[in-house]
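Protein chains in written order, with this note's numbering: chain A, 1 to 272; chain B, 273 to 686.
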């Protein structure tokens with residue numbers, strides 16, 4: 001039996017999430033992860049790689065990224081440049097073919113974890129251009145007439161921030177998991193991972209206040225997990241009394257990043 | 273396996289394909305569900321559902337299909353009568369593990385058998401029959417992870433169907449009136465990217481072209497990067513009958529503000545006349561004609577309102593609901609002019625379609641503007657309509673005929 005993903009010391013995965021990761025691995029399908037910012041979509045791939053002891057390749061997608069960039073790059077400009085001087089061998093195209101992240105994952109000697117981060121940033125057609133490559137786990141290099149097929153099917157984790165709809169054909173081939181924002185108990189566990197020595201009373205007050213701030217509907221940007229962790233650090237190192245948290249929101253700037261939002265919180269911040 | 277579930281999902285409007293269904297079968301064959309209904313619930317969801325807005329429908333379909341055994345039969349009531357709430361059973365870890373090993377199919381089979389044999393009356397404790405507080409695979413308040421729970425709005429150990437029944441993902445459901453995050457996502461589809469700013473991006477195609485023309489001597493060509501250039505006018509109905517929808521409208525407004533850089537907003541009450549208000553209290557205003565000349569026709573206009581008013585407000589001179597406000601031109605003409613000026617316009621209505629389509633004013637206004645529900649699905653359609661505006665939908669003759677019909681003597685009654 002292969003090793004199963006269970007989450008790591010610093011990354012707490014819900015049962016549903018680890019099951020889905022394991023199912024995606026077993027079925028050899030890419031896993032698409034969505035969720036609010038700060039729910040640990042990107043970190044998931046890091047945790048999977050760490051827990052299963054595999055190498056992680058990260059492909060950061062930008063608005064200008066083309067699907068082909070992930071497969072291979074034929075560096076024509078370099079070749080053209082080299083041709084002007086006679087110190088390179090420009091007759092062999094292979095010297096100018098560079099593997100992209102997907103290509104790297106296919107040619108690796110062992111199974112790797114491939115993170116395709118923020119796939120929705122790219123062009124609408126981007127996911128469609130990867131369909132065949134992710135299905136067959138192989139691609140063809142026209143310039144050298146070579147076919148690269150995966151030696152070991154990589155574990156592919158794709159994150160999306162929901163900025164664009166992904167095409168249906170692409171979705172059909174993925175497994176999908178939506179990371180819901182952690183509830184209060186889960187959040188307690190998450191904070192404790194980062195601050196194991198925190199007093200329970202303090203933590204309880206912090207969490208209560210945090211979810212209260214999140215419940216304010218008019219906020220432009222609700223604080224997320226990474227903000228609460230920074231906030232706890234600030235409160236702990238500032239030695240803030242739990243009673244003070246009950247009355248006000250100390251170090252509000254750590255939690256809220258937008259000026260208008262700060263005004264909203266201050267206006268609403270009254271003792272319970 | 274569970275082919276009925278496939279069709280139940282379809283019936284609930286979850287878009288599942290055969291491909292995905294086959295993937296699920298593959299997963300079942302590989303034993304990935306661990307023979308547990310809760311794992312099956314989550315795994316099937318990961319494979320079949322690709323958008324969190326369908327999670328809620330999935331939950332409903334799941335609850336219906338896997339509770340089907342229960343609703344099929346009139347015996348349910350009898351079973352419920354037979355079940356009595358008792359103290360929950362405490363099991364050791366070893367016992368729990370034993371129970372976990374039961375395969376789902378066997379559980380369902382066992383359930384049917386027990387049912388047919390009628391092992392359900394007044395049953396408390398025990399390992400096999402339908403009852404309460406036991407270790408059997410059916411009944412209520414018992415401990416069996418793969419069990420079938422009958423009746424009782426809650427259970428002690430949380431089964432899959434129960435999780436499905438909780439409908440935690442209701443908020444993500446697309447037919448629900450919106451929350452800000454989802455709205456923002458929807459509005460982001462409006463983005464149109466156009467080149468703007470300094471020439472700081474390498475134009476590869478032109479560089480290659482120029483370089484070739486120079487016989488291989490490199491010449492770099494730069495271009496401007498693309499920025500979001502969407503321009504939106506948001507025109508909102510406030511006060512009166514819109515009061516109950518205030519919440520939904522303010523969400524739309526705050527989402528639009530964060531998503532669209534060039535957003536202008538105005539207010540009106542029931543219908544637009546010669547002035548548009550610039551604040552929600554309706555204390556300061558600008559002439560509508562000025563708004564029409566100030567903004568070019570590339571502006572996309574979103575009207576938000578319930579479009580429900582007396583026909584006089586729409587069709588009559590001086591028909592405005594506010595007594596001291598006089599309008600020389602009927603409201604419908606103003607709406608028509610606005611539509612002609614800004615061809616990319618839509619009307620979002622916070623009421624359900626079946627309601628706004630029954631009101632006379634709703635029907636008339638939706639002849640002028642494409643009208644959609646203020647739900648995620650509605651917003652999606654509206655945005656599609658904004659991106660591909662159609663030709664004017666209604667002619668001036670038709671509008672005149674509305675007014676003429678209204679002015680016929682026998683209609684004076686109201």
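A virtual CB, placed ideally from N, CA and C, is assigned to each residue, including glycine.
Since the structure is predicted, the reported quantities are computational estimates derived from the model, not experimental observations.
Taking the straight line between their C-alpha atoms, what separation do you get for residue i and residue j?
{"i": "residue 351 of chain B", "j": "residue 36 of chain A", "result": "Because the pLDDT of residue 351 of chain B is 43, which lies under 50, any placement of that residue in the model is unreliable, and the question is left without a value."}
{"i": "residue 485 of chain B", "j": "residue 479 of chain B", "result": "10 angstroms"}
{"i": "residue 250 of chain B", "j": "residue 546 of chain B", "result": "A question about residue 250 of chain B goes unanswered here, because the residues of chain B that appear run from 273 up to 686."}
{"i": "residue 410 of chain B", "j": "residue 339 of chain B", "result": "Confidence at residue 410 of chain B is low in this model, with a pLDDT of 46, below 50, so the placement of that residue should be treated as unreliable; the coordinate-derived value is given next. The alpha-carbon atoms of residue 410 of chain B and residue 339 of chain B are separated by roughly 12 angstroms."}
{"i": "residue 299 of chain A", "j": "residue 195 of chain A", "result": "Because chain A spans 1 through 272 in this model, residue 299 of chain A falls outside it and cannot be assessed."}
{"i": "residue 206 of chain A", "j": "residue 246 of chain A", "result": "8 angstroms"}
{"i": "residue 200 of chain A", "j": "residue 252 of chain A", "result": "21 angstroms"}
{"i": "residue 288 of chain B", "j": "residue 331 of chain B", "result": "14 angstroms"}
{"i": "residue 8 of chain A", "j": "residue 193 of chain A", "result": "10 angstroms"}
{"i": "residue 344 of chain B", "j": "residue 317 of chain B", "result": "At residue 344 of chain B, the pLDDT of 36 sits below 50, so the modelled position is not reliable; the number obtained from the coordinates is stated separately. Taking the straight line joining both Cα atoms gives about 24 angstroms."}
{"i": "residue 78 of chain A", "j": "residue 53 of chain A", "result": "36 angstroms"}
{"i": "residue 573 of chain B", "j": "residue 618 of chain B", "result": "6 angstroms"}
{"i": "residue 646 of chain B", "j": "residue 96 of chain A", "result": "54 angstroms"}
{"i": "residue 286 of chain B", "j": "residue 119 of chain A", "result": "24 angstroms"}
{"i": "residue 653 of chain B", "j": "residue 459 of chain B", "result": "11 angstroms"}
{"i": "residue 532 of chain B", "j": "residue 505 of chain B", "result": "10 angstroms"}
{"i": "residue 621 of chain B", "j": "residue 609 of chain B", "result": "20 angstroms"}
{"i": "residue 675 of chain B", "j": "residue 607 of chain B", "result": "14 angstroms"}
{"i": "residue 68 of chain A", "j": "residue 313 of chain B", "result": "37 angstroms"}
{"i": "residue 297 of chain B", "j": "residue 578 of chain B", "result": "47 angstroms"}
{"i": "residue 189 of chain A", "j": "residue 615 of chain B", "result": "54 angstroms"}
{"i": "residue 42 of chain A", "j": "residue 159 of chain A", "result": "7 angstroms"}
{"i": "residue 84 of chain A", "j": "residue 482 of chain B", "result": "16 angstroms"}
{"i": "residue 398 of chain B", "j": "residue 309 of chain B", "result": "Residue confidence for residue 398 of chain B is low, a pLDDT of 46 falling below 50, so the modelled location carries little weight; the figure read from the coordinates is stated next. Distance between the alpha carbons of residue 398 of chain B and residue 309 of chain B: 21 angstroms."}
{"i": "residue 138 of chain A", "j": "residue 219 of chain A", "result": "46 angstroms"}
{"i": "residue 163 of chain A", "j": "residue 121 of chain A", "result": "7 angstroms"}
{"i": "residue 271 of chain A", "j": "residue 248 of chain A", "result": "Bear in mind that the predicted position of residue 271 of chain A carries a pLDDT of just 46, short of 50, making it unreliable; the figure below should be weighed with that in mind. Their backbone Cα atoms lie some 7 angstroms apart in a straight line."}
{"i": "residue 38 of chain A", "j": "residue 45 of chain A", "result": "14 angstroms"}
{"i": "residue 543 of chain B", "j": "residue 326 of chain B", "result": "36 angstroms"}
{"i": "residue 110 of chain A", "j": "residue 4 of chain A", "result": "17 angstroms"}
{"i": "residue 494 of chain B", "j": "residue 90 of chain A", "result": "27 angstroms"}
Output the boundary residues of the alpha helix (DSSP H) element that contains residue i.
{"i": "residue 638 of chain B", "result": "632-640"}
{"i": "residue 134 of chain A", "result": "131-136"}
{"i": "residue 518 of chain B", "result": "518-531"}
{"i": "residue 572 of chain B", "result": "Careful: residue 572 of chain B lies outside any alpha helix (DSSP H), inside the beta strand (DSSP E) at 572-576."}
{"i": "residue 186 of chain A", "result": "184-194"}
{"i": "residue 618 of chain B", "result": "Per DSSP, residue 618 of chain B belongs to no alpha helix (DSSP H); it is in the beta strand (DSSP E), 617-621."}
{"i": "residue 651 of chain B", "result": "648-659"}
{"i": "residue 21 of chain A", "result": "15-27"}
{"i": "residue 213 of chain A", "result": "200-214"}
{"i": "residue 317 of chain B", "result": "309-320"}
{"i": "residue 7 of chain A", "result": "That residue, residue 7 of chain A, is in no alpha helix (DSSP H); it is neither H nor E in DSSP."}
{"i": "residue 267 of chain A", "result": "259-268"}
Mind checking which residues open and close the beta strand (DSSP E) that includes residue i?
{"i": "residue 560 of chain B", "result": "Premise fails: residue 560 of chain B lies in the alpha helix (DSSP H), 560-566, not in any beta strand (DSSP E)."}
{"i": "residue 361 of chain A", "result": "In the structure as shown, chain A begins at 1 and stops at 272. Residue 361 of chain A is therefore absent and cannot be evaluated."}
{"i": "residue 643 of chain B", "result": "643-645"}
{"i": "residue 589 of chain B", "result": "Here residue 589 of chain B belongs to no beta strand (DSSP E), and DSSP marks it neither H nor E."}
{"i": "residue 58 of chain A", "result": "56-60"}
Name the DSSP bridge partner or partners of residue i?
{"i": "residue 35 of chain A", "result": "A:179"}
{"i": "residue 155 of chain A", "result": "A:113"}
{"i": "residue 140 of chain A", "result": "A:147"}
{"i": "residue 534 of chain B", "result": "B:503"}
{"i": "residue 549 of chain B", "result": "B:539 and B:557"}
{"i": "residue 495 of chain B", "result": "B:473"}
{"i": "residue 509 of chain B", "result": "B:540"}
{"i": "residue 160 of chain A", "result": "A:34"}
Counting contacts by CB-CB distance shorter than 8 angstroms, is residue i in contact with chain D?
{"i": "residue 647 of chain B", "result": "Reference to chain D is not applicable here, since the protein chains of this structure are A and B."}
Report back the beta-carbon spacing between residue i and residue j to the nearest angstrom; my notes put them in contact at under 8 angstroms.
{"i": "residue 173 of chain A", "j": "residue 30 of chain A", "result": "7 angstroms"}
{"i": "residue 156 of chain A", "j": "residue 203 of chain A", "result": "Actually they do not touch by this definition, with Cβ atoms about 36 angstroms apart."}
{"i": "residue 641 of chain B", "j": "residue 575 of chain B", "result": "6 angstroms"}
{"i": "residue 604 of chain B", "j": "residue 632 of chain B", "result": "That pair is no contact at about 12 angstroms."}
{"i": "residue 527 of chain B", "j": "residue 535 of chain B", "result": "So it is not a contact: roughly 10 angstroms between Cβ atoms."}
{"i": "residue 178 of chain A", "j": "residue 34 of chain A", "result": "5 angstroms"}
{"i": "residue 665 of chain B", "j": "residue 583 of chain B", "result": "About 20 angstroms separates the two Cβ atoms, so there is no contact after all."}
{"i": "residue 23 of chain A", "j": "residue 47 of chain A", "result": "Not really, about 16 angstroms apart at Cβ, beyond 8 angstroms."}
{"i": "residue 127 of chain A", "j": "residue 166 of chain A", "result": "5 angstroms"}
{"i": "residue 265 of chain A", "j": "residue 216 of chain A", "result": "7 angstroms"}
Whole alpha helix (DSSP H) runs in the stretch 70-128 of chain A with 4 or more residues, listed along the chain?
You should have 76-83 and 101-107.
Let me know the alpha helix (DSSP H) ranges lying completely inside the stretch 219-246 of chain A, each 4 residues or longer, listed in chain order.
Within the stretch 219-246 of chain A, the complete alpha helix (DSSP H) segments at least 4 residues long are 225-237, listed from N- to C-terminus.
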